[in-house]
Each structure stands twice: as structure tokens, then as C-alpha cells.
Amino acid sequence: MKIRVLFLVFIIITAAGAAFAQSKTVTNDDLSKYKQERVKAEAELRNNYAKLGFSSPEERAQRDAQSVKDTVELSAMLRNERLERERIDAQNAANAQYSAALLRAVQQQNTVEYSSQSYFGGYYNGWWRPRPIGRVGYQQPGYFAGGQFWPTGPATKPRPLFKVTRH
Numbered sequence: 079m080k081i082r083v084l085f086l087v088f089i090i091i092t093a094a095g096a097a098f099a100q101s102k103t104v105t106n107d108d109l110s111k112y113k114q115e116r117v118k119a120e121a122e123l124r125n126n127y128a129k130l131g132f133s134s135p136e137e138r139a140q141r142d143a144q145s146v147k148d149t150v151e152l153s154a155m156l157r158n159e160r161l162e163r164e165r166i167d168a169q170n171a172a173n174a175q176y177s178a179a180l181l182r183a184v185q186q187q188n189t190v191e192y193s194s195q196s197y198f199g200g201y202y203n204g205w206w207r208p209r210p211i212g213r214v215g216y217q218q219p220g221y222f223a224g225g226q227f228w229p230t231g232p233a234t235k236p237r238p239l240f241k242v243t244r245h
């Protein structure tokens with residue numbers, strides 16, 4: 079019984095909320111009253127521009143056109159200045175790269191590479207120390223092909239790690 083009463087109360091509240099939520103329909107007659115008031119106020123404002131201290135619509139249109147023209151000219155001038163700055167920055171970067179490459183090339187030309195005196199013999203602490211011819215050092219066996227050195231391995235033949243003796 080209580081559930082039926084609560085259900086009916088819920089249905090009534092829901093129906094009342096839905097009816098209350100319905101919006102009022104607006105017609106053209108309702109809007110025409112506001113339109114007439116607006117048109118009347120605009121006409122009064124046009125007639126009283128000078129009295130209210132405003133400039134006329136023609137003067138405002140001229141001022142707006144001049145403002146648009148000035149804005150377009152300023153925008154073009156700023157764009158040209160930005161493009162000129164970017165061009166100068168790019169030119170400076172290219173000049174810096176060129177001068178760095180030129181400096182590296184000049185430094186490479188001015189360097190003199192000396193071979194090691196200990197390899198060919200020569201003076202060591204003011205004394206002549208000839209290098210013995212027989213002790214040249216180990217040279218890896220191999221060959222050059224295609225601009226690359228291909229090692230062929232040591233001259234000794236490979237042997238097994240452990241040798242098993244049989245009895």
C-alpha cells in the first residue's frame with residue numbers, strides 16, 4: 079500500500095515537473111513590440127549625436143576606414159622588417175659556416191706532420207741514437223684491397239689446445 083502511494087506521488091511530481099519545464103512560445107507579435115522600441119531608440123540616437131558628444135556615423139566610418147588602412151600598412155611594414163631580419167640572420171649563419179670551414183682548411187694546410195724520431199733514429203737528449211734495422215717490430219700479415227686492409231692471420235699454423243697421448 080505504501081509503495082502504491084509513493085509511486086503515485088512520484089508520478090505526480092514527475093508530471094508537474096515536465097509541465098513546468100515547458101517553455102512559453104514566442105511569436106512575431108511579441109517581438110514586434112521590442113523591434114519598434116529599438117528602431118525608435120536608434121532614430122533618437124542618430125538625431126542626437128552632436129548633443130550627446132558623439133561623432134556622426136559618416137565620421138566614424140571614415141575614421142574606421144583610416145584605422146584599417148593604417149593597420150594594414152603597419153602589418154606590411156612589420157612583415158617586411160621581419161623578413162629582412164630573417165634574411166640577414168640566415169646570411170650571417172651562412173657566413174659563419176663558410177668562415178669556419180675556411181679556417182679549418184687553412185689550419186690543415188699550415189700544419190706540418192713530423193714522423194716519430196724514435197722510428198727512424200735521431201737525437202735523444204742531445205745524443206745520436208740510431209735505430210737498429212733488425213728490430214722493426216711486428217707487422218700484421220694481410221693485404222690491401224678496395225682501400226681496406228684485410229688481415230690474413232698469424233704465420234703460425236693453428237694447433238689443438240690439448241694433445242691427448244695414447245698408450
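Quick note, in this note's numbering, the sequence shown goes up one by one and the last residue is 245. For every residue, glycine included, the Cβ atom is placed at its ideal position computed from N, Cα and C. Here the structure is a predicted model, which is why all the values come from computation and not from measurement.
The straight-line gap separating the alpha-carbon atoms of residue 133 and residue 149 is approximately 21 Å. When secondary structure is reduced to three states using DSSP, residue 132 falls in the coil class, being assigned neither helix nor strand.
When 184, 220 and 110 are compared, the shortest CA-CA separation from residue 230 is found for 220. Between residue 127 and residue 107, the alpha-carbon positions lie close to 31 Å from each other. When the five nearest sequence neighbours on each side are left out, no beta carbon in the same chain lies closer than 6 Å to the beta carbon of residue 160. Linking residue 124 to residue 130 through their CA atoms gives a straight-line distance of about 10 Å.
Between residue 92 and residue 111, the alpha-carbon positions lie close to 36 Å from each other.
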